[in-house]
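See below for the structure under consideration.
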Amino acid sequence: MQTLAAEIAEYYGALPRTELTAVILALAYLVLAIRQNIWCWFCAAISTAMYVYLFARANLYMESLLNVFYFGMAIYGWTVWRSGETDGELPVSVWPLQVHVYAVSIIIFLAAATGFLLAIFTDAAYPYIDSATTFAAVWATFLVARKILENWWYWLVIDVVSVFIYWTRGLEATAVLFIVYVVLIPIGLVAWTRSWRQHQPAAVPA
């Protein structure tokens, strides 16, 4: 056990400091988001700024562009959650299935179009998969900022796929981070579901 711990410590100690810092802050973001702590957005802003560079270097251009969007959403999320703290806690909400059907249809269309262009005009790795996870993550991040419960289901699919992408592109630490994300997502789903139920009106006795 000590040997394994030493090997893990040695591996992460050899990682580029930028990626290691980005990983730590990204993990802090998810843990704080599960707890609905507004400081998750501060961690997200710093982490995503670092990932803009890291993904561009790995030829994951859509992922790099996505992190530019993440940075803006970190500011937006902070603003929305902050206003919720001022006017009363922003509650967790649920949106109708029809909204998600429309959203997924748009994501598929945009991913197909963008992936086609990237495959022709760039040396992008996994252009279609990269595009699909990117547009799905744009939508899922907006759902987090609005505290929409279903965001966790999107992230489960996105993060499982992302593990494969990052590992094959040499971003092993980030791949491990997303494995941890996959483990933590059910915890977030349960915590936010409990919070949503607490804000539901009590049933009126017949």
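Quick note, in this note's numbering, the sequence shown goes up one by one and the last residue is 515. All residues carry an ideal CB built from backbone N, CA and C; glycine is no exception. On a predicted model such as this, the values are computed, not experimentally measured, just so you know.
Identity of the residues DSSP links to residue i by a beta bridge
i	result
I415	In the DSSP output, where bridge partners are listed per residue, I415 has none listed.
S402	I457
Opening and closing residue of the alpha helix (DSSP H) in which residue i lies
i	result
V507	In the sequence under discussion, the amino acid at residue 507 is Gln, which differs from the Val named in the question. Q507 -> alpha helix (DSSP H) spans 481-507.
W350	349-366
L339	326-343
Supposed close pair residue i, residue j - CB separation, criterion 8 angstroms
i	j	result
L334	C352	5 angstroms
V389	N376	Not confirmed; about 20 angstroms, so no contact.
F444	A420	5 angstroms
R478	A434	6 angstroms
S440	M371	5 angstroms
L480	A367	6 angstroms
L458	T502	6 angstroms
D468	I438	The pair is not a contact, with the Cβ atoms about 13 angstroms apart (cut-off 8 angstroms).
F380	A358	6 angstroms
I355	R391	I355 to R391, Cβ: 18 angstroms. No contact.
Sufficient close CB pairs (3 or more, under 8 angstroms) joining the segment 378-392 to the segment 488-495: Flag = no, the segment 378-392 and the segment 488-495 do not touch.
The segment 398-415 in contact with the segment 326-341 per 3-pair CB rule at 8 angstroms: No contact exists between the segment 398-415 and the segment 326-341.
Cβ contact check for the segment 405-418 and the segment 442-450: 3 or more pairs under 8 angstroms: yes
Unbroken stretches of the alpha helix (DSSP H), 4 residues or longer, contained in the segment 427-475: Runs found: 436-454.
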